[in-house]
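Peer 1: Can you keep this structure in mind? I'll have questions shortly.
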Amino acid sequence: EAEVAQSPRYKITEKSQAVAFWCDPISGHATLYWYRQILGQGPELLVQFQDESVVDDSQLPKDRFSAERLKGVDSTLKIQPAELGDSAMYLCASSLAVGAVIAYEQYFGPGTRLTVT
Amino acid sequence: QKEVEQDPGPLSVPEGAIVSLNCTYSNSAFQYFMWYRQYSRKGPELLMYTYSSGNKEDGRFTAQVDKSSKYISLFIRDSQPSDSATYLCAMRRGSNYKLTFGKGTLLTVNP
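Residue numbers (the numbering used here), protein chains in the order written: chain A, 1 to 117; chain B, 1001 to 1111.
The following block contains the structure:
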């Protein structure tokens, strides 16, 4: 069964350091999402890609976060510099898109748990 | 007020019990309603999906949407220890709009 892959699964970093997370969506899924899930909360969308283009990054803290999906396949989310409040689970998800219509089902990866000390 | 409200629990029930999980929302533009299950240290997985008002049944799971009350429910019949997880409601305005999640309810089913 096809799955969304994420790495690393766990990351501990000191504040002010840079961190990067990688996501490989299910093959053929044009839409890719990065979410942040703080402990005890639901996931919140950070950025959505359609192929290589950003379609929604309204909740991405752009002063420190960046995301790219250069070839429209895998994606990287970067935080620089990391702050204590960035400690959370970072989830990647993907969806099939047929033309302009994005399928309702989002398939989530296992997430990267980030701890900033 | 958050757009989607969900009681975080925790909820603890004996095996075989009927479980009721609920969310309320404030945005009347929401049309698509989903329930996700999230096991510890895993990503969410889609359980049920409903468009607009009505009921949908899938095995032991029933999803209900009441748009007039802005209230959605997930019922689990004959609950099993393997149902122990966090249940997240999620909703969106249209097929190309972002998902808005509730906080999630932590459910434990005791053998």
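C-beta: ideal position from N, C-alpha, C; glycine also.
Bear in mind that the values here come from a model prediction, so they are computed numbers and not experimental data.
Quick check: the segment 1071-1085 of chain B against the segment 7-16 of chain A, are there 3 or more CB pairs under 8 Å?
Peer 2: Short answer: they don't touch.
Peer 1: Quick one: what does DSSP say Pro1010(B) is sitting in, helix, strand or coil?
Peer 2: Looking at Pro1010(B) - three-state DSSP - the assignment turns out to be coil, as it is neither helix nor strand.
Peer 1: Anyone know if the C-beta pair for Tyr1036(B) and Leu1046(B) falls short of 8 Å?
Peer 2: Yes, the pair counts as a contact, with Cβ atoms nearer than the cut-off.
Peer 1: Quick one: measure Cβ to Cβ for Thr1100(B) and Arg1092(B), integer angstroms, because I've assumed they're closer than 8 Å.
Peer 2: Yes, Thr1100(B) and Arg1092(B) are in contact; Cβ-Cβ is about 7 Å, under 8 Å.
Peer 1: Give me the residue from Asp63(A), Asp74(A), Leu84(A), Thr115(A) with the minimum Cα distance to Gln48(A).
Peer 2: Ranking Asp63(A), Asp74(A), Leu84(A), Thr115(A) by Cα distance to Gln48(A) puts Asp74(A) first.
Peer 1: Asp56(A) versus chain B: which residues are under 7 Å apart at the beta carbon?
Peer 2: Under the 7 Å cutoff, chain B gives Lys1098.
Peer 1: Check the C-beta distance from Gln145(A) over to Gly109(A) and give it rounded, since I have them as a contact under 8 Å.
Peer 2: The structure shown does not extend to residue 145(A), since chain A is modelled only from 1 to 117, so the question has no answer here.
Peer 1: So what does DSSP say about Leu60(A), is it helix, strand or coil?
Peer 2: Three-state DSSP puts Leu60(A) in coil, outside helix and strand.
Peer 1: Just tell me which of Leu84(A), Glu1(A), Ala93(A) has its CA closest to the CA of Gln50(A).
Peer 2: Nearest C-alpha to Gln50(A): Ala93(A).
Peer 1: Would the beta-carbon of Arg64(A) fall within 8 Å of that of Gln80(A)?
Peer 2: Closer than 8 Å, so yes.
Peer 1: What's the C-alpha gap between Lys1103(B) and Cys1023(B)?
Peer 2: Whole-angstrom Cα-Cα distance: 10 Å.
Peer 1: With a Cβ-Cβ cutoff of 8 Å, do Ile26(A) and Tyr107(A) count as a contact?
Peer 2: Yes, the Cβ-Cβ distance between Ile26(A) and Tyr107(A) is below 8 Å.
Peer 1: Show which residues of chain A have a CB atom less than 9 Å away from the CB atom of Lys1042(B).
Peer 2: The answer, in chain order, is Phe108, Pro110, Gly111.
Peer 1: DSSP on Asp1058(B), reduced to helix/strand/coil?
Peer 2: In this structure, Asp1058(B) counts as strand in the three-state DSSP scheme.
Peer 1: For Leu29(A) and Ala2(A), I'd like the C-alpha separation in whole angstroms.
Peer 2: Before going further, note that residue 29(A) is His rather than Leu in the sequence given. One C-alpha to the other measures close to 11 Å.
Peer 1: Beta strand (DSSP E) containing Thr117(A): first to last residue?
Peer 2: Counting along the chain, Thr117(A) falls outside any beta strand (DSSP E), and DSSP gives it neither H nor E.
Peer 1: Starting from the beta carbon of Leu46(A), find every residue of chain B whose beta carbon is closer than 7 Å, and list them in chain order.
Peer 2: Within chain B, no residue comes near Leu46(A); the closest Cβ sits about 10 Å away, beyond 7 Å.
Peer 1: How would you label Gln1001(B), buried or exposed, when you count the other beta carbons within 10 angstroms and need 16 or more for buried?
Peer 2: Gln1001(B) should be labelled exposed.
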